[in-house]
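Just add 2 to the spot in the sequence shown (first one is 1) and you have the numbering used here. Below is one structure; the comments refer to it alone.
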Amino acid sequence: MQDRKREHKVFTRYGCLAEMRIKPNGDSGIWYVSRFVDDHNQDLLPAKFVPYLPSYRKISDVNLAHIDSLRQVGISIPKIYESIAAQAGGFNLVPFTKRDMYNEVRRQRALRNGDVNAALRFFERCARGDEKMFWRFEVGPDQHMSDLFWSDRRSQDDYKIFGDVLAFDATYGRNKYNLPVVVFSGVNHHNQTCVFATAMVSCESQALYVWVLRKFLECMGGKALKLVITNGDRSMRLAIQEVFPEAHHRLCSWHLLRNVTVNVCKPRFTMLLRSCLLLYHHTNDRLWCIKTTGAHNK
């Protein structure tokens with residue numbers, strides 16, 4: 003082993019004239035290419051192999067979401083890579099390598115741990131200029147942050163004025179963590195959406211929604227919800243009944259219209275229902291209703 007020598011490799015770039023020089027353009031802060039020579043004396047990489055260069059390889063958001071979903075059910079990286087290759091039509095058509103997948107998983111794990119500290123530092127900075135800045139979090143069994151709730155002064159002030167009707171919605175998988183984001187929102191006097199509070203949760207269970215609603219109640223100084231609009235999720239409904247038993251629960255018109263479109267499959271009925279829900283009033287609405295429903299024959 004002491005006499006071991008590195009394998010000799012041919013130095014193919016000797017005497018290569020290719021170069022590119024970049025210079026700043028005065029004090030403008032803009033850089034420009036002052037000299038470019040593409041006179042190579044070595045063979046360049048064939049075009050079909052260019053996508054495999056590190057600067058060209060990239061895992062798309064769709065593939066990232068696919069990888070995360072398969073990893074959550076215990077499928078290994080090699081098996082996931084084989085699955086993606088099968089969908090793409092071959093390993094040569096996958097725009098990244100298996101090593102890229104391992105690196106991405108490692109990077110996301112490090113980012114998530116670092117993002118928690120960054121988020122807490124951000125809230126602390128906000129609290130220096132906003133004495134009503136409110137945030138609470140839960141720690142999971144693995145001693146990592148699992149759930150996070152926050153609301154600032156403006157959001158709390160908006161709730162005091164415009165919080166009679168509140169939308170309670172959870173959007174899933176719309177962030178790099180693939181976690182549900184719960185948004186408490188309403189509408190102000192200009193018919194503009196205003197957000198009262200936000201939470202990022204680890205799952206969509208009744209117990210977790212109860213925790214979110216109790217933090218919302220604490221944040222808003224004990225002012226209970228009066229009317230809540232949801233998408234009909236059972237866990238949400240039961241959590242609302244437990245924390246705000248006096249609140250009226252209604253369904254979102256968007257979900258109602260979507261269900262009608264899918265299940266009834268009658269465009270005219272959907273149009274009429276939309277007019278009723280969204281209050282599209284006209285001069286002869288009463289006569290129209292009588293004629294349409296046949297009430298004049300009763």
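Every residue, glycine too, gets a C-beta built ideally from N, C-alpha and C. Fair warning: this is a prediction, and the values are worked out from it, not measured in the lab.
Three-state secondary structure (DSSP) at residue i?
i	result
Ile-69	helix
Leu-55	coil
Leu-210	helix
Val-266	coil
Met-135	coil
Met-2	Nothing in the structure corresponds to residue 2, since the chain is present only between 3 and 300.
Met-3	Low confidence applies to Met-3: its pLDDT is 49, below 50, so where it sits in the model is not reliable enough to give any reading.
Asp-171	strand
Val-245	helix
Ile-61	coil
Ser-78	coil
Val-141	strand
Met-222	coil
For residue i, count neighbouring C-beta atoms within 10 Å of its own C-beta (all shown protein chains included) and say buried if the count is 16 or more, exposed if not.
i	result
Ser-153	buried
Leu-19	exposed
Gly-165	buried
Cys-221	buried
Tyr-211	buried
Tyr-34	exposed
Gly-17	exposed
Thr-268	Residue identity check: residue 268 is Lys in the sequence provided, not Thr. By the 10 Å Cβ count, Lys-268 comes out exposed.
Pull up the DSSP beta-bridge partners for residue i, would you.
i	result
Trp-256	Beta-bridge pairing links Trp-256 to no other residue.
Val-35	Ile-24
Ala-199	Phe-186
Ile-231	Ala-169, Arg-252
Ser-153	Phe-136
Would you grab the beta carbon distance between residue i and residue j for me? Rounded to a whole angstrom, and I think it's under 8 Å.
i	j	result
Ala-249	Leu-219	In fact, because the Cβ distance is near 11 Å, the residues do not count as touching under 8 Å.
Leu-275	Leu-259	7 Å
Asn-233	His-251	In fact, because the Cβ distance is near 11 Å, the residues do not count as touching under 8 Å.
Phe-139	Met-147	5 Å
Any chance the CB of residue i is under 7 Å from a heavy atom of the ligand ATP?
i	result
Asp-159	Absent from the structure shown: the ligand ATP. Ligands present: none.
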